[in-house]
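Report on the following structure.
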Amino acid sequence: MMASSYNAKEEDGHHSGASGPGGGTAVKSKKPDNTAFKQQRLPAWQPILTAGTVLPAFFVIGLIFIPIGIGLFVTSNNIKEYEIDYTGIEMSSPCFNCSQNFSWNSTTPCKCSVSFSLDQPFESNVFMYYGLSNFYQNHRRYVKSRDDSQLNGDKASLTNPSKECEPYRTSDKKFIAPCGAIANSLFNDTLDLFFIDPNGTRTRIELVKKGIAWWTDKHVKFRNPGGNNLNLTAVFIDTAKPVNWRKPVYELDTDQENNGFINEDFIVWMRTAALPTFRKLYRIIQRKNSMTPTLPRGNYTLDITYNYPVRSFEGRKRMILSTISWMGGKNPFLGIAYITVGSVCFFLGVVLLIIHHKYGNRNNSADIPN
Amino acid sequence: MGNSFPESSVVFQRECHSTSVFSSSSVLRRENGRQTCTRSGKTDCLPWTCREERRDSKMSFFGLSCAKKKEKEVERRIRANDREFNLPFKYATNAIKTSKYNLFTFLPLNLFEQFQRIANAYFMFLLVLQLIPEISSLSWFTTVVPLALVLSVTAAKDATDDLNRHKSDRQVNNRKVEVLINGELRSEKWMDVQVGDIIKLESDQFVTADLLLLSSSVPLNLVYIETAELDGETNLKVKQALAVTGDMDDSIESLAAFDGEVHCEPPNNRLDKFTGTLVVRGQKYSLDNEKILLRGCTLRNTEWCFGLVVFGGPETKLMQNCGKTTFKRTSIDRMMNALVLCIFGFLAVMCTILGIGNGIWEQQEGSTFIAFLPRQDGVNSAFSGFLTFWSYVIILNTVVPISLYVSVEIIRLGNSFYIDWDRKMYYARSDTPAEARTTTLNEELGQIKYIFSDKTGTLTQNIMTFNKCSINGKCYGDVFDFAGQRLDISERTDRVDFSFNPLADPKFVFYDHSLVEAVKLEIPEVHGFFRLLALCHTVMAEEKNEGDLLYQAQSPDEGALVTATRNFGFVFQSRTPESITIVEMGIQRRYELLAILDFNNVRKRMSVIVRSPEGKLCLYCKGADTIVFERLHQSCGKMKDVTTEHLNEFAGEGLRTLALAYKELDEEYFVLWRERHHEASTAIEDRDERLDELYEEIEKDMILLGATAVEDKLQDGVPQTIEQLAKADIKIWVLTGDKQETAENIGYSCNMLQEEMNEVFVVSAKSSEEVREELRSARLKMKPEAEEKPVIISGGILGKKTKVVQDEAVDGEYGLIINGHSLAYALDSSMEIEFLRTACMCKAVICCRVTPLQKAQVVELVKKFKKAVTLAIGDGANDVSMIKAAHIGVGISGQEGMQAVLSSDFSFAQFRYLQRLLLVHGRWSYLRMCKFLRYFFYKNFTFTFVHFWYAFFCGFSAQTVYDEWFITLYNLIYTALPVLGMSLFDQDVNDRWSFQYPQLYAPGQLNMYFSKTSFVRCVLHSGYSSLVLFFIPYAAMYNTVRDDGKDIADYQSFALLAQTCLVIAVCLQMGLDMAYWTVVNQVFVWGSLAMYFAVTFTFYSNGMYLIFTASFPFIGTARNSLSQPSVWLTILLTTMLCVLPVVAYRFLFILLRPTINDKVRFKVCQAKAGPPPPAPRARIRRSSTRRSAYAFSHTQGYGDLVTSRRFLRQVPAPRQSAGFSPTGRSTGFIHMGRSGGYSPTGRPQSSREPETSLQIYRAVKEPVS
């Protein structure tokens, strides 16, 4: 009669598993599994910060970083670099006039030439860069103002490019190819380099314009529409040239392998810079042989066809000649940083060691208060 | 003897105030104040009626979700057996629906609900922002992908929850009940039952719907119901049908012909009220709550009953009562919400700075840059700044990442599973594993400061056992070996064989054989001792079958004593108001019961006066030793000393003792005394005083027989657990409905109160002023120099004012015991702070005789004025209110039904598991959650701040630093798993060490692992890291080129470099934070890194570009960039610079200011080489000299009831029991709940004695009648 402690759950079908008197062996026990995972006993590595691990780590890091830093610093210092600003800001500058009289519509290009001399010969391959300052190639509206599909040779995008290209999407009711602000602002100064012999003769230095873009860009990312159709003029017939351009895209070069969207100058430009001050590879001066330096000591002249206006936004244009090492171009920062970090580490190691000697033993062995 | 009792019975009868058989028993059974619940207060819905809808949706039995209100019903008219009549009213049928969705409504409804959450809505808002081209700084997918993921995960969870609900609904709806249709009983599903139907219920069935009781099997048309599901009270209630309907009995014809019409109130949620009329054959009868059976009750002790369905399904009072209850939130949650608001503010500040920056830039630079980057029409620099503000809102949104919320839920869920899985919290005896019923509160388990515990069933097992006794100066109960050495009793100890006694209770266990020998040797004192125990009590016996005795004792102590006595051959067999029948060593003897001198708190003893079959008059008395000793005959002096010694010994072991004494009475004296007694008991003035005087007079010069020792068994490991928790600086308050003495005794035996305490204050005043004075004086004693006014710190964030009473340090240890009366005053708003101050100065606080409501009030008080996390633990329905009130409620799944468990957040079977729940699971959960949050904020702030720095170099144009895919996947893939792995597996030290050093728990209480300061530290750390992560690559890439002279300082390469540095740096940081590297962690960390590179190379591959040209513009960047040694050197430098300062800082702190964690971890490290930590210390030996006495759960007035005619009205004589129906008609004693648990006789005996011995019994019995 006394149904003691009636359990509502039981009627509900959740069998409580409490096996009643006799029988109930079939009822599965609710005892949790004894697995390391469920019991939170997974074997584990439990590192803690002890003097035995931290101090050696600091010393070792210090000892590794300092040599790396020195190596980097030396490498960077060995790189020869010559930079020349030809913006033409000062009255004395040869390009002052060009920079003053700039107009997008002028048909006759303004030319100027800058002389300079190299104190040291440039061995090996020499790379010629143009550098721009205060040029916000990383501005969001600028960065997205392109149509990758169009540049990849997509026919549909060629004649109907992305809205992102606005306002450089249409011109004269035709769609612009290549569209967008980046393409529109293509760097179009022409730089020529002459070696001035001691006797005064100008020798044009051969500038290689191919092989300056990433392979992937040149072969995958950028493709002319129409595939292997060599007649780019026909391909681009329904399109307009970018507003600021003097000539259409299919006339960028005579070499069909370097024309249209796969023009390497164009490709390099289209790879927007991360920072407002940047340099881009313009030409390569290839080493002729191992005996003579690529660019010997002496005087040089840089002939500039001054097309690119930067004065309005207080930009600067530079030409840079540089050699290359295994770690890239000249940048002393990494070397100095490594040396600094390495020494600080080492120093920190020493300081910590002293502190450890003074206080370490006292605290760690101190009893835990109850 | 039959049913009639001699009218001439000499029973001293006070007026019994009970109104009915049922209610008197209920009052007796439950102590004062058990009338549970928050019936006062704002809601008049009973909170535990239906379980609240919890996030983890362990489904309610009856489901939840309230019925939707349709148009107002003014009056309900039902005609019995007339569906046609009832149909037009469109009353709800009995089908219930607690599920929220069906197949078609799921998607829209669920999405609608999800977007009501702030976080989701925020991300929706971001998504909308992104669709505005002028603002959009990120592609739509950066928000859509995470949002879709989050939404679908939540939707999946909701769907499974709802499926469960559907299942439960179906299960409930498909239950069968017998319905009277067209003149016959048919088994129908619950959901097909309609209003106006007549249904038949049988015993132990759930009530199908709200019914009007028509008739029942019990005379007078009574039914007994249990309302545990409804209000949590486990006692039975009685309902009575109208005579007019009751006369129909179980006649199907008349029931089928019944056409009464019910006019009643519309559906409402008042459980205790019902008004209506029943019209039968033109006659009106009024209906009230006494005639209504509510859905959710269970029919008990009633063979069958018929009822008319009045309310069905959603209109039943049960369903009407299902209100939504508030979610419990953890303090981390609350802080997180505050922090998120701060972060929003911070975000706004950053965006404003950048927006203004953009305005200035556009003004100064942008306007000159127009040739290359023309502005859009109508956008001037100010407007551009405005747009940029929103653009940056999008970009910097990662400071409040959507995945934070999801991850937090996952971590909590995982840690809840660990609780479910823990074998060390599994109780084999009842096959109960621990259960985390709420999966959203885990980390709060690591911050508990106050524990409020119930006593009975929580600290104690609620089992009383007769353990020892002292008879005539000889102590029994201990077991000695041959050398006289005392043995510890274990499972293997030889038990006493009671087979000589066929009436023995097989579950009774005793180890000392000498006592049985003494009984068998018929030593007169021993016999006298047991005879006393068999006669002097208020236990009721019930013999269902021959020899199958069931005792119902009002106090468990008595039950234990009578049961023990039964086994030793003095079987209490039955009682009538005038007699007690016992079987003494196989011989049935009937003692005439002349008087019961009842127990009360002042007397602390009870006596009976009986006349033996031989005609000897005797007074038997049992009571508190001090009281009894005062009333002994001088001749007992020596024995008194010996017995006192034994009593001290018993007390030292925490046993409850009683002294027993008897006295032979002179016939003439007794006749006189009885007359005076009769006079006194009928007196109008000073009745009690006069009675007491009479009692005092007769209870003197008694002869001491001995003493008993009953053990109120603590649950295993309770003292150790309490000691551990105390070491963890957790304060334990015991809130019990028990008496002060019992509570105090338990306080001592479970080590809360200690002999060494400076003082234990007892507050038991009767008036407000006295209570205040007692509290004040206690406080001044503890801290004389204390300020009169408490130190109150007012504070609060965002306008919510909070007052916090500061903790005050006290020299020495004190205890406080306060009883319910005083507590009522102390909880008054004018005194609550005084009470709290005093209580918090004490090490142990015990509140006794408190009502459930008071329990909740105490919890609320602490919650209100202490900035501390509270936990309430209990097992009974009377603990529900406190379990709900506390931050965390823990239910002990014990014998007392499921109410506490159902409303709890965590449940397990034994109190001792609490220490594991808190010290291990709680601590780990808290640690993990804090580590998670710290790391999560770190990694996201670091990620986001880089954008901030970059803004200064990109004309504040909201250009992102990273690839959009990286932004999309950073939180979802690259960094999600390692941090999840850490927050699921991390442990600073393992469980054994956690127990070894409970102090490790303290940081959680102080919020040390994650607080506002640590958040600020986190932000600063991120600031540093982001500076490193931006400027080192910036400087390293500035004007540099690849080793083949080509571009590397382009935007895409820089993005790749920055993001690679970031991923590696945060991974390293993770490595530093992680203390416990399991295989899974290794896989997650390395896997995530590998995943990063794999995904990067895939997304930057030719194939992806050629297929989705617009979406993957980063083609070739990975190949071209990551092949450069300078890039790797930069990565190395950046990550080292991010990590090394942290290492140095942490190492320095460990050296100079090691935290408790550091110390223990160091110890662990050292101990690894050596032996494992010692196991938790063995049992604490107590050497208490405290004496605790008389059956404290005793209630006054019981003696009267025992002898009252009403009570025994229908109790048949034992002899008739053979023919008695097993459902039992109506003894007032219902074996339910607490008091039922006392004895091994909890269940009817099933084992039958051999036939022969039974025959002997019969033979013996016959002559008596």
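Line order of the protein sequences matches chains D and Z. Mapping the first sequence onto the UniProt record's numbering, position 16 (from 1) lands on 16, and the numbers just tick up by one. Mapping the second sequence onto the UniProt record's numbering, position 1220 (from 1) lands on 1220, and the numbers just tick up by one. Every residue gets a Cβ at the ideal spot worked out from N, C-alpha and C, and that includes glycine. Note that the coordinates shown come from a computational prediction; the quantities given were computed from them, not determined experimentally.
| Asked | Found |
| --- | --- |
| Residue-chain proximity (GLU314 (chain D), chain Z), Cβ-Cβ < 8 Å | yes |
| Inter-residue Cα distance where the pair is GLN461 (chain Z) and GLU592 (chain Z) | 36 Å |
| Cβ neighbour criterion (16 or more within 10 Å) applied to ASN307 (chain D) | buried |
| Span of the beta strand (DSSP E) around ASN467 (chain Z) | 460–471 |
| TYR392 (chain Z) classed as buried or exposed, judged by whether at least 16 other C-beta atoms fall within 10 angstroms | buried |
| Contacts of TYR1076 (chain Z) in chain D (Cβ-Cβ under 9 Å) | LEU42, ALA44, TRP45, GLN46 |
| Where GLN959 (chain Z) meets chain D, residues with beta-carbon distance less than 7 Å | ASN138, HIS139, ARG140, VAL143 |
| Burial state of ASN3 (chain Z) (16 or more Cβ within 10 Å) | For ASN3 (chain Z), the predicted structure reports a pLDDT of 39, less than 50, and the residue's modelled location is therefore unreliable. A value from the coordinates is still provided. Answer is exposed; the Cβ neighbour count stays below 16. |
| Helix, strand or coil at ALA651 (chain Z) according to DSSP, with G and I counted as helix | helix |
| Nonlocal neighbours in the same chain, by C-beta distance under 7 Å from PHE1097 (chain Z), ignoring five residues either side | ALA1118 |
| Closer than 7 Å: ASN380 (chain Z) CB and nearest the ligand GTP heavy atom | The ligand GTP is not part of the structure shown, which contains no ligands of any sort. |
| Positions along the segment 346–377 of chain Z whose CB lies within less than 7 Å of some CB in chain D | GLU365, THR368, PHE369, ALA371, PHE372, LEU373, PRO374 |
| Exposed unless 16 or more other CB atoms sit within 10 angstroms - verdict on ALA844 (chain Z) | buried |
| Test: LEU352 (chain D) CB closer than 8 Å to a CB of chain Z | yes |
| Proximity winner among Z:SER381, Z:GLU226, Z:PHE568, relative to PHE498 (chain Z) (alpha-carbon distances) | Z:PHE568 |
| Euclidean distance between Cα positions of THR1241 (chain Z) and THR465 (chain Z) | Low confidence applies here, because THR1241 (chain Z) scores a pLDDT of 32, under 50, leaving its location unreliable and the question unanswered by this model. |
| Whole-number beta carbon distance between CYS351 (chain Z) and LEU404 (chain Z), since they are thought to touch under 8 Å | Incorrect: roughly 19 Å between the Cβ atoms, too far for contact. |
| Sufficient close CB pairs (3 or more, under 8 Å) joining the segment 343–357 of chain D to the segment 1043–1056 of chain Z | no |
| Best match in Z:GLU134, Z:TRP140, Z:VAL628 for proximity to ARG141 (chain D) [C-alpha to C-alpha] | Z:GLU134 |
| Nearest residue (CA-CA) to LYS739 (chain Z), options Z:TYR1092, Z:THR302, Z:ARG849 | Z:ARG849 |
| Within 8 Å of chain Z by C-beta, residues of the segment 318–348 of chain D in sequence order | SER322, ILE324, SER325, TRP326, MET327, GLY328, GLY329, LYS330, ASN331, PHE333, LEU334, ALA337, TYR338, VAL341, CYS345, LEU348 |
| Distance, PRO852 (chain Z) Cα to ASN289 (chain Z) Cα | 24 Å |
| Where the segment 184–209 of chain D meets chain Z: residues whose CB sits under 9 Å from a CB there | ASN184, SER185 |
| Three-state secondary structure (DSSP) of VAL350 (chain D) | helix |
| Distance between LEU293 (chain Z) and GLY1228 (chain Z) (C-alpha atoms, nearest Å) | Because the pLDDT at GLY1228 (chain Z) is just 34, under 50, the model does not fix this residue reliably, and the value given afterwards should be weighed accordingly. Their backbone Cα atoms lie some 20 Å apart in a straight line. |
| Beta-ladder partner(s) of ILE873 (chain Z), from DSSP | Z:SER453, Z:VAL890 |
| VAL268 (chain D), buried or exposed, once every other Cβ within 10 Å from all chains shown has been counted against 16 | buried |
| Short CB-CB distance (under 8 Å) between TYR282 (chain D) and chain Z | no |
| Near-chain D residues of the segment 1080–1093 of chain Z (beta-carbon distance less than 9 Å), N- to C-terminal order | VAL1080, ASN1081, GLN1082 |
| Secondary structure of CYS750 (chain Z), DSSP reduced to three states | coil |
| Within-8 Å CB hit, GLU915 (chain Z) to chain D | Checking the sequence, you will find Gln at residue 915 (chain Z) rather than Glu. False, the Cβ-Cβ gap to chain D never drops below 8 Å. |
| Straight-line Cα distance separating SER145 (chain D) from PHE261 (chain D) | 16 Å |
| Chain D residues whose Cβ lies nearer than 8 Å to that of VAL207 (chain Z) | Residues of chain D passing the Cβ test: none, with the nearest at roughly 13 Å. |
| Reduced DSSP category for TRP214 (chain D) - H, G, I as helix; E, B as strand; rest coil | coil |
| Classification of ALA826 (chain Z) by the beta-carbon crowding that lies within 10 angstroms, buried from 16 upward | buried |
| Segment contact flag, the segment 187–196 of chain D with the segment 204–217 of chain D, C-beta cutoff 8 Å, min 3 pairs | yes |
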